[in-house]
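Structure, as structure tokens:
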Amino acid sequence: MSAPSSSSSSFSRQLNSRAPEIAELADAVEEWAATAGVQERTIRYVNIILDELIANIVAHAYRNCNDGTIEVNADYDGHRVCVTLRDYGPEFDPTSLPPADTEKDIDEREIGGLGVHFVRKLADHLSYQRHDGVANVVVFCKAETSPESGPGTGGGN
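Have a look at this one:
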């Protein structure tokens, strides 16, 4: 893999909430990231986070409708990848969910919430904003790490 460039590199894609387009997004992000010089492990984490967040958008914001619009924009500054996701479904702030109770036995846990918990653990930054009353905007960042570092700081802030 080539060394990270000192200038910023950007990625932008608009897709509908259709399974083939979502799968193609992961491939496109990987191709962009390789060209930009993003560490392979970092882009793997980014794609895992994207998969979880987009699955939630498709299932909850668009209720599995195939024509929902999802905008994905990413920037890489040589040290971290920051991704902005925008959808036009009902307002939903994933950062407002209470932390998942991972101490309870599986049979005692509430259904749901583990995906966002997972995103919070992997992302170094996670934020939400409702834009103009019509769009959900989620931003997450993943910093590159040394090979011996763990998956993330779990900052989720």
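Read in order, the letters of the sequence shown correspond to residues 585 to 741 in the working numbering. Here a beta-carbon is modelled for each residue, glycine too, at the ideal position from N, C-alpha and C.
- A direct Cα-to-Cα measurement between H709 and N657 gives close to 15 Å.
- Excluding residues up to 5 positions away in sequence, N600, S601, R602 lie with their Cβ nearer than 7 Å to the Cβ of N650 in the same chain.
- Counted as a single uninterrupted DSSP element, the beta strand (DSSP E) harbouring E655 occupies residues 653 to 660.
- Between L706 and I638 the beta-carbon gap is near 14 Å, outside 8 Å, which marks them as no contact.
- Taking each of H663, G673, G662 in turn and checking the Cα distance to I654, the smallest one comes out for G673.
- Put simply, of G621, D659, H701 the residue whose alpha carbon is nearest the alpha carbon of T679 is H701.
- In the structure shown, H663 falls within a coil segment according to DSSP collapsed to helix, strand and coil.
- The residue among D716, D677, G662 with its C-alpha nearest the C-alpha of S592 is G662.
- Under the 10 Å beta carbon count, N720 is surrounded by 16 or more other beta carbons and is classified as buried.
- Between the alpha carbons of D677 and V613 lies a distance of about 24 Å.
- Under the DSSP assignment, R628 falls in the alpha helix (DSSP H) whose first and last residues are 624 to 640.
- Non-local beta-carbon contacts of V630 in its own chain, meaning distances under 6 Å to residues more than five positions away in sequence, involve V665, K726 in chain order.
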